[in-house]
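Data block below; observations after.
Numbering (our numbering), first residue to last: 22 to 255.
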């Protein structure tokens with residue numbers, strides 16, 4: 022029991038270090054872009070969101086176990102054995118790569134047949150069914166995020182395109198019923214309030230016929246709240 026607790030502590034410390042690397046790496050990008058052009062404010066906001074996604078993911082026990090198993094699968098002896106199963110070498114998450122946590126979990130799902138056969142004799146490869154379910158739930162929730170981030174990296178990204186991709190991502194995650202998806206959607210909506218509090222972005226969306234009605238409704242609601250507040254104060 023003590024050994025298991027010690028192993029859990031070591032895993033958490035290792036993944037806290039990984040999370041810290043994610044945050045520090047993207048903070049450097051954020052500082053650089055803020056110093057160049059205001060147009061990068063949207064991108065910087067997205068970077069913070071992605072870091073939040075990764076941090077949330079790494080706090081889940083399923084993801085902690087996944088990281089441990091993937092590290093074991095990437096050892097030379099096991100990698101050679103994977104070839105017999107026609108399974109590619111699993112991906113390990115990396116602080117400098119977008120969606121690396123998603124790709125890590127996806128590659129672990131692909132390695133399930135191998136882990137099932139050898140997990141009983143090699144504890145480093147063992148995952149319970151509950152842990153596998155958590156990993157699958159995380160992958161399902163992070164897939165729309167991955168799709169959105171590919172769009173966000175387009176050099177010709179327009180405010181309307183950004184908003185459309187963000188909206189589709191939010192709606193897709195919201196339609197999922199897993200606990201992780203719910204937490205992820207909640208985090209997205211919290212960040213959305215801050216992210217879209219940007220006059221330049223709202224002005225651009227107002228000029229976009231695809232989203233002008235939505236912006237008008239938001240402005241109307243905001244105006245009514247302001248008027249109500251002023252009435253109560255007076």
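Glycine is no exception: its CB is placed at the ideal position from the N, C-alpha and C atoms.
What number of angstroms, rounded off, separates the C-alpha of residue i from the C-alpha of residue j?
i	j	result
residue 121	residue 169	14 Å
residue 51	residue 215	Legend: pLDDT at residue 51 = 44, less than 50; position of this residue unreliable, value from coordinates given subsequently. Residue 51 and residue 215: Cα-Cα distance of roughly 16 Å.
residue 218	residue 212	10 Å
residue 223	residue 188	14 Å
residue 221	residue 235	16 Å
residue 106	residue 206	36 Å
residue 145	residue 204	29 Å
residue 177	residue 227	19 Å
residue 149	residue 210	32 Å
residue 233	residue 208	25 Å
residue 54	residue 147	Annotation note: pLDDT 42 at residue 54 (below 50); position unreliable, coordinate value reported separately. Rounded to whole angstroms, residue 54 to residue 147 spans 43 Å at the Cα level.
residue 97	residue 143	15 Å
residue 104	residue 175	35 Å
For residue i, which residues of its own chain have a beta-carbon under 6 Å away from its beta-carbon, when the five flanking residues on both sides are left out?
i	result
residue 91	111, 113, 125, 129
residue 87	126, 129, 156
residue 160	126, 127
residue 163	123
residue 237	none
residue 138	none
residue 202	162, 194
residue 119	170
residue 102	none
Please name the residue, chosen from the options, that lies closest to residue i on a Cα-to-Cα basis.
i	options	result
residue 154	199, 145, 144, 221	199
residue 89	109, 140, 196	140
residue 194	158, 181, 107, 180	158
residue 132	208, 94, 190	94
residue 231	191, 179, 197	179
residue 109	119, 135, 196	135
residue 196	165, 84, 152	165
residue 167	191, 177, 152	191
Under DSSP, the alpha helix (DSSP H) around residue i begins and ends at which residues?
i	result
residue 169	150-173
residue 128	121-131
residue 226	220-227
residue 102	97-103
residue 185	180-196
residue 200	200-216
To which residues of the same chain is residue i closer than 8 Å at the C-beta, ignoring the five residues directly before and after it?
i	result
residue 58	Low per-residue confidence applies at residue 58: pLDDT is 47, beneath 50, and the placement is therefore not dependable, though the value from the model is reported in the following sentence. The answer is none, since no qualifying residue turns up.
residue 115	121
residue 181	225, 226, 229, 231, 232
Using 7 Å as the cut-off, classify the Cβ of residue i as near or not near the heavy atoms of the ligand GDP, replying yes or no.
i	result
residue 175	This structure lacks the ligand GDP; in fact it carries no ligand of any kind.
For residue i, which residues from the same chain have a beta carbon less than 7 Å from its beta carbon, with the 5 sequence-adjacent residues on both sides left out?
i	result
residue 99	93
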